[in-house]
Structures are given as structure tokens and as C-alpha cells.
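> Under this note's numbering, think of the first position of the sequence shown as 37, with each following residue one higher.
This is the structure, below, for whatever I ask next.
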Amino acid sequence: MPIWAAIIMAVVSTSIMNFGLALQKKGAASLPKIGKDQDGKVARAFFTNRLWLAGTALLLGGWGLYFASAKFAPISIIQPALGAGLAVLALFSVFYLHERVTALEWTAFTAMLLGIFLLGVSAPEEHDPRLPEWSSLLSVTGGILALSAAAYILGKRGFLAGIRTDALLGIFSGLLIGLAALYIKSMFTFLKEEQELIAFGVCLPAVIVLNVVGVTVMQSGFQHGKALVVVSLESVLNKVVAILGGMLVLAETLPPEPAKAALRILAFLLILFASAALARFSGESLAPKMETTPGVKT
């Protein structure tokens with residue numbers, strides 16, 4: 037599959053996932069807060085809520101497309117391309133929710149489209165993935181998990197009282213989901229080399245655990261603060277981890293041609309800027325507006 041096709045698939049997948057998140061957010065608003073009740077009761081409340089389950093179904097469908105796109109293109113290209121979902125929802129907000137868009141947001145919308153285009157222009161004609169460097173992968177994994185554990189312990193003891201809870205949860209969610217992206221690409225690379233035991237015995241469990249924990253942390257952030265704060269940090273950081281991790285762990289280097297390398301870096305910067313500036317158009321942030329806008333049913 038051409039890398040351009042994989043990028044388009046990633047754009048479709050993230051649009052579906054963002055609509056799924058909007059439904060999840062609406063469903064979660066009436067549910068008990070994570071960490072505020074018995075775990076069993078909280079789990080039953082989530083898994084018996086039809087709206088939350090519908091959002092979850094869309095998320096799973098979007099994840100399926102995302103997995104397919106990650107197989108055929110570098111993760112350092114696919115993960116940034118997921119930011120296009122915010123641009124799609126921005127248009128949805130303008131035409132269906134009658135939202136007013138600021139000049140900065142229109143600039144960010146244009147930057148996102150340009151960034152996606154530059155990703156395709158700077159992408160290699162063929163993608164030949166390399167096996168990950170285990171030392172680098174384990175170092176990145178250990179560093180992120182150690183940072184998360186340390187922050188959790190410090191937070192419990194009151195040493196991080198000056199940091200917003202939603203900001204902290206958004207940061208950790210982005211780190212974990214970005215790390216999961218590295219394991220997704222690693223899994224497909226090991227499968228290509230016919231190393232199924234490592235692919236399914238190590239990488240796949242890591243993908244599942246990191247995504248489940250990352251999404252749970254993100255859901256907790258929605259309930260303990262502002263979705264805008266959570267989404268802004270999560271959206272930017274998961275891309276940063278995938279970009280840097282793809283280069284360090286998976287040898288997804290910049291193009292050898294200086295011009296294309298510059299275009300790739302510019303694409304990264306444009307997408308990261310746009311991801312932060314368009315965060316209010318994420319599925320989580322749009323959920324309350326979908327409830328109050330006439331003619332929009334979910």
C-alpha cells in the first residue's frame with residue numbers, strides 16, 4: 037500500500053475515533069467518577085451505558101483502521117497524521133454545530149492540512165521497516181513508566197499539589213498512548229520478520245495494556261477537570277513520543293535530501309501547533325455542544 041493511502045486511512049480512522057470519543061464523553065458525564073467509588077460498581081456502570089458503549093464501538097472501528105495504516109507507513113508519520121481528525125471535527129462544528137471559529141483556529145486548520153500534505157510529500161516511496169533496538173525501546177518504556185509511577189506516588193503524598201490534576205492526567209495519557217504506538221509498529225515489524233512469539237507475546241500485550249491504561253487515565257482527566265486541557269496535552273505528547281521514538285527506536289530517520297528533511301520537520305511543527313490550537317474541537321470537547329444543538333442527535 038502506498039504511504040499516501042496509509043495517511044488517508046489514518047485520517048479516516050482518527051475522524052471515527054473522535055466521534056466515538058464524543059459519545060463516550062456524553063455517556064461518561066452521568067457515570068460515577070473513576071477512583072471515587074468501588075471499582076466493580078464503576079466498571080458495571082460504564083459497561084451498561086449504551087451511549088458509552090456506542091462510542092466504544094466507534095473507537096474500536098477507528099482503531100482497526102489505525103492499526104492497518106500503521107502497518108504500511110512509519111509510525112512517526114502515521115501518528116502525527118491522526119491530528120487531522122481535529123480538522124475534520126472543526127468543519128463539523130462550523131457547519132452542523134454553528135460554532136464560531138477564531139482567526140487562530142482557522143490558521144491552525146490550514147496548518148494542519150498543510151502539515152498532512154507535507155508529510156505525504158516528504159514520505160519515502162517505499163517503507164522498509166527495521167526491527168526496533170531493544171535497548172532503546174526498553175529505555176523509553178522504562179523512562180515513561182518510571183516517570184508515571186513517580187508522579188503518581190508524589191501526587192498521592194501531596195507533593196504535586198500545585199499542578200492541575202487534569203493537566204497531569206493529560207500528560208501521562210499522551211505519554212502512554214504515544215508509547216503504545218511504538219509497540220504497534222514494533223509488532224508489525226516483528227511479524228514481517230516472522231518473529232510471531234515476540235510480536236504476539238510481548239508487543240501486543242504491551243499495546244493493549246498501554247492503551248487501556250492511557251485511555252482510562254484520559255477518561256479520569258475528563259471527569260476531574262477540563263477536556264480542553266486534557267486533550268491539548270495528550271494530543272501533542274502522543275505525537276512527540278511517536279516522532280522521537282520512531283526515530284530513536286525504529287530507525288525512522290528523516291529523508292536524506294535536505295529539502296525533504298526540512299519539509300518533514302516543518303510538517304511535524306505545523307501539526308503539533310494545530311493539534312494544540314484545535315483541541316476544543318476534539319470529540320470530548322464537542323460532546324456537551326452536541327447535546328444542546330438543535331438537529332444534532334446522538
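For each residue, glycine too, the CB sits at the ideal point set by N, CA and C.
State buried or exposed for residue 128, treating a residue as buried only when at least 16 other CB atoms are found within 10 Å of its CB.
buried
> Need the endpoints of the alpha helix (DSSP H) that residue 259 sits in, please.
240-260
> Pull up the distance between the alpha-carbon of residue 41 and that of residue 100, whole angstroms please.
Cα to Cα, the separation comes out at about 15 Å.
> Between residue 216 and residue 115, is the Cβ-Cβ spacing less than 7 Å?
Going by C-beta atoms, residue 216 is not nearer than 7 Å to residue 115.
> Taking all protein chains shown into account, do 16 or more other C-beta atoms lie within 10 angstroms of the C-beta of residue 270, making it buried, or fewer, making it exposed?
buried
> Label residue 170 either buried or exposed according to how many other C-beta atoms from any shown protein chain fall within 10 Å of its C-beta, with 16 as the threshold for buried.
exposed
> The alpha helix (DSSP H) spanning residue 214 covers which residue range?
201-228
> Taking buried to mean at least 16 other C-beta atoms within 10 Å of its own C-beta, is residue 331 buried or exposed?
Bear in mind that a pLDDT of 49 at residue 331, under 50, signals an unreliable position, so the number given afterwards is only what the model happens to contain. By the 10 Å Cβ count, residue 331 comes out exposed.
> Can you find the residues in the same chain that come closer than 8 Å, C-beta to C-beta, to residue 156, ignoring five residues on each side of it along the sequence?
If we look at residue 156 and ignore the five residues flanking it on each side, its Cβ neighbours are 39, 40 and 43.
> Under three-state DSSP, which class holds residue 270?
Correct three-state label for residue 270: helix.
> Is residue 50 helix, strand or coil when you go by DSSP?
Three-state result, residue 50: helix.
> Thinking residue 50 and residue 120 are a contact (beta carbons under 8 Å), I'd like their distance in whole angstroms, please.
6 Å
> The ligand MN heavy atoms versus the CB of residue 180: any closer than 6 Å?
Although the ligand MN was asked about, the structure shown includes no ligands whatsoever.
> Do residue 98 and residue 37 have their C-beta atoms within less than 7 Å of each other?
Taking 7 Å as the Cβ cut-off, residue 98 and residue 37 do not qualify as a contacting pair.
> Compare the C-alpha of residue 45 against each of 107, 238, 183 and 139 and name the closest.
107
> Which term fits residue 138, buried or exposed, when burial requires 16 or more other beta carbons within 10 angstroms of its beta carbon?
exposed
> Between the alpha carbons of residue 273 and residue 158, how many angstroms are there, rounded?
About 22 Å.
> CB-CB under 7 Å to residue 112, same chain, minus the five flanking residues each way: which ones, in chain order?
278, 279, 282, 283 and 288
> So for residue 277, helix, strand or coil by DSSP?
helix
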